[in-house]
């Protein structure tokens with residue numbers, strides 16, 4: 320009886336991304352004990368046909384593990400090499416719709432989720448439908464876009480990003496008088512992630528995970544700078560109130576108040 324082989328069905332990855340299986344190499348024993356490959360077998364790598372999948376080059380394909388990599392100075396990066404590549408491709412994709420569109424979309428989502436934030440930017444009297452036409456709104460939306468331009472440009476330098484956003488967090492301390500609450504950063508993080516879900520059409524889960532990691536790390540840096548500056552100001556304020564006032568002494572020869580009665 321001839322030997323029969325069972326034919327396995329396509330895997331989930333093959334169904335979803337249309338990955339072609341490389342030809343199976345059939346080996347047969349030769350007379351001298353060596354194995355020879357059958358004719359027609361080729362060692363080809365799988366081809367990805369899904370248009371939404373980013374196709375890195377051969378050097379980038381090797382680094383697929385989502386683990387922190389080391390930077391030039393030896394410290395660990397909070398993103399893997401592959402995640403950084405995915406973010407760069409994702410951000411370039413969003414910029415094709417216009418430099419202001421991305422920032423406007425995120426800023427509008429933030430103000431819709433937390434209407435109280437409008438007062439911080441002086442937009443509390445602007446109707447919701449007119450927000451994106453207001454010059455102040457467009458100015459702050461541009462700040463959002465430029466901020467992420469800076470992030471992607473320096474994505475390989477985590478220390479630089481850490482210093483930048485810690486300093487930004489410190490500057491937010493003075494905004495508490497205008498109603499700023501650090502919890503608003505959580506709203507921003509959720510809106511930024513939701514915006515990424517929309518422009519990625521929810522098809523790139525590794526990319527969405529990378530965006531969430533990036534935004535979460537940025538919020539951690541800003542909150543750290545905010546808390547440190549707040550603590551510093553409280554300590555300085557406490558020391559100022561506890562410092563005893565120095566008594567002033569009159570060192571001149573002329574008394575301040577003459578004890579001799581004035582002539583009548």
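Residue numbers (this note's numbering): 320 to 583.
The beta-carbon is built from N, C-alpha and C at its ideal position, and this holds for glycine as well.
On a predicted model such as this, the values are computed, not experimentally measured, just so you know.
Check your understanding: Under the three-state reduction of DSSP, which class applies to residue 395: helix, strand or coil?
Key -> strand
Point to revise | Close beta carbons around residue 506, own chain, < 7 angstroms, minus the five adjacent residues each side | key: 429, 432 and 433
Point to revise | Alpha carbon of residue 500 to alpha carbon of residue 402, nearest angstrom | key: Between residue 500 and residue 402, the C-alpha separation is close to 31 angstroms.
Check your understanding: For residue 483, which option in 420, 395 and 545 has the closest C-alpha, if you only look at C-alpha atoms?
Key -> 545
Check your understanding: Curious, which full-length beta strand (DSSP E) runs of at least 3 residues does the stretch 485-512 contain?
Key -> none
Check your understanding: Taking DSSP as the reference, what is the three-state secondary structure of residue 474?
Key -> Looking at residue 474 - three-state DSSP - the assignment turns out to be coil, as it is neither helix nor strand.
Practice item. Could you check which residue in 438, 539, 423 and 424 has the C-alpha nearest to that of residue 489? Key: 539
**Study point:** Three-state secondary structure (DSSP) of residue 519
**Key:** coil
Exercise for review: Use the C-beta contact count for residue 496: other C-beta atoms within 10 angstroms, 16 or more gives buried, fewer gives exposed.
Suggested key: exposed
Review point. Out of 451, 438 and 469, which has the shortest C-alpha to C-alpha gap to residue 410?
Key: 469
Review point. Are the beta-carbon atoms belonging to residue 498 and residue 445 less than 7 angstroms from one another?
Key: no
Review point. Helix, strand or coil: how does DSSP classify residue 442 here?
Key: Coil, per DSSP.
**Study point:** Buried versus exposed, by CB contacts within 10 Å (16 or more), residue 448
**Key:** exposed
Review point. Taking the alpha-carbon positions, what's the residue 532 to residue 453 distance?
Key: Rounded to whole angstroms, residue 532 to residue 453 spans 32 angstroms at the Cα level.
Check your understanding: Roughly how many whole angstroms lie between the Cα atoms of residue 524 and residue 557?
Key -> 49 angstroms
Practice item. Look at the alpha carbon of residue 517 and the alpha carbon of residue 420, and state the distance between them as a whole number of angstroms. Key: 13 angstroms
Point to revise | Alpha-carbon to alpha-carbon, residue 551 and residue 485 | key: Here the alpha carbons of residue 551 and residue 485 stand approximately 14 angstroms from one another.
Point to revise | Limits of the unbroken alpha helix (DSSP H) element including residue 436 | key: Where residue 436 is concerned, there is no enclosing alpha helix (DSSP H), given that its DSSP letter is neither H nor E.
Practice item. Keeping to the same chain, check which residues put their C-beta closer than 7 angstroms to that of residue 508; ignore five residues upstream and five downstream. Key: 534, 535 and 538
**Study point:** C-alpha distance - residue 530 paired with residue 553, whole-angstrom precision
**Key:** 34 angstroms
Check your understanding: What does a CB cutoff of less than 7 angstroms around residue 397 pick up in its chain, not counting 5 residues either side in sequence?
Key -> 387, 477, 532 and 536
Point to revise | Alpha-carbon spacing of residue 427 relative to residue 399, whole angstroms | key: Between residue 427 and residue 399, the alpha-carbon positions lie close to 31 angstroms from each other.
**Study point:** Per-residue burial, residue 474 [other beta carbons within 10 Å of its own, 16 or more giving buried]
**Key:** Result: buried.
Review point. Can you tell me the Cα-Cα spacing of residue 515 and residue 471, whole angstroms?
Key: 14 angstroms
Check your understanding: With a CB to CB cut of under 8 angstroms and the five nearest residues on each side skipped, what residues in its chain are close to residue 414?
Key -> 421
Exercise for review: Please name the residue, chosen from 451, 492, 504 and 520, that lies closest to residue 548 on a Cα-to-Cα basis.
Suggested key: Closest option to residue 548, judged by alpha-carbon separation, among 451, 492, 504 and 520: 492.
Check your understanding: Buried or exposed: where does residue 502 fall if 16 or more other Cβ atoms within 10 Å of its Cβ makes it buried?
Key -> exposed
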